[in-house]
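Counting in the numbering used here, the sequence shown runs from 12 upward without gaps. Down below is the structure, laid out as structure tokens.
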Amino acid sequence: MNRVVLYQPEKPANVGNIIRTCMAFDLKLTIIGPLTFTLDDHALKRAEMDYAIGFEIERFDTFEEFLKAHPNEEGYYVTRYSNKTYSDYDLKDVSKNYFFMFGRESTGIPKEILVEHFSHTMRIPMAIDARSLNLSNSVAIVLSEALRQQNFYSLATEETIKGADFLSRFK
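Take a look at the structure:
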């Protein structure tokens, strides 16, 4: 199982997009710390569309509470300060529970957490003068790689809603 962990996200539209990504990729979502918006925010609702209906968001006040509740999950921390890329890690084992932590849009993951878990940090390669990517895009990039390595375990690899032969009807 894969989990996205957001540390004090600041933008409701990003969280809405991440909820939509989590639903589409069958991911769990955890939010740590206070929010600068409410989960019924209009921008969040517009971004998540109807994907959040019945979607559970786990909440914790602190990172320590999260770790205590999930002692058997292998964590990875996405940061520009890492010397390893997200594709450097072996994430193939679908029997493991992985979490991928992303920090605040303005400040990232707290430096104390990064220092303590530096051997499990990962970065997304970017142009030399780029500081960061959009948070929801970063989640999609990193989790797509994890799912690719896991051979898209439990995900549909062909059209299931309209049928695998949907386009053939238009010949």
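Yeah, the Cβ is synthetic: ideal placement off N, Cα and C, and Gly gets one too.
| Asked | Found |
| --- | --- |
| So does the stretch 62 to 79 actually touch the stretch 100 to 107, counting three or more Cβ pairs closer than 8 Å? | no |
| I'd like the ranges of any beta strand (DSSP E) spanning at least 3 consecutive residues and lying wholly in the stretch 108 to 161. | 108 to 113 |
| Just tell me which of Ala35, Pro45, Gly114 and Pro82 has its CA closest to the CA of Thr171. | Ala35 |
| If you measure from the beta carbon of Glu84 to each beta carbon in chain C, is any gap under 9 Å? | Annotation note: the requested chain C is absent from the structure, which comprises a single protein chain. |
| I need the boundaries of the alpha helix (DSSP H) containing Thr47, first residue and last residue. | Note, Thr47: premise wrong, no alpha helix (DSSP H); not H, not E. |
| Does the contact criterion of 3 or more C-beta pairs under 8 Å hold for the stretch 38 to 52 versus the stretch 82 to 100? | no |
| Across the stretch 19 to 27 and the stretch 144 to 152, are there enough close Cβ pairs to call them in contact, namely three or more that are closer than 8 Å? | yes |
| Identify the continuous beta strand (DSSP E) that holds Leu17 and give its terminal residues. | Asn13 to Tyr18 |
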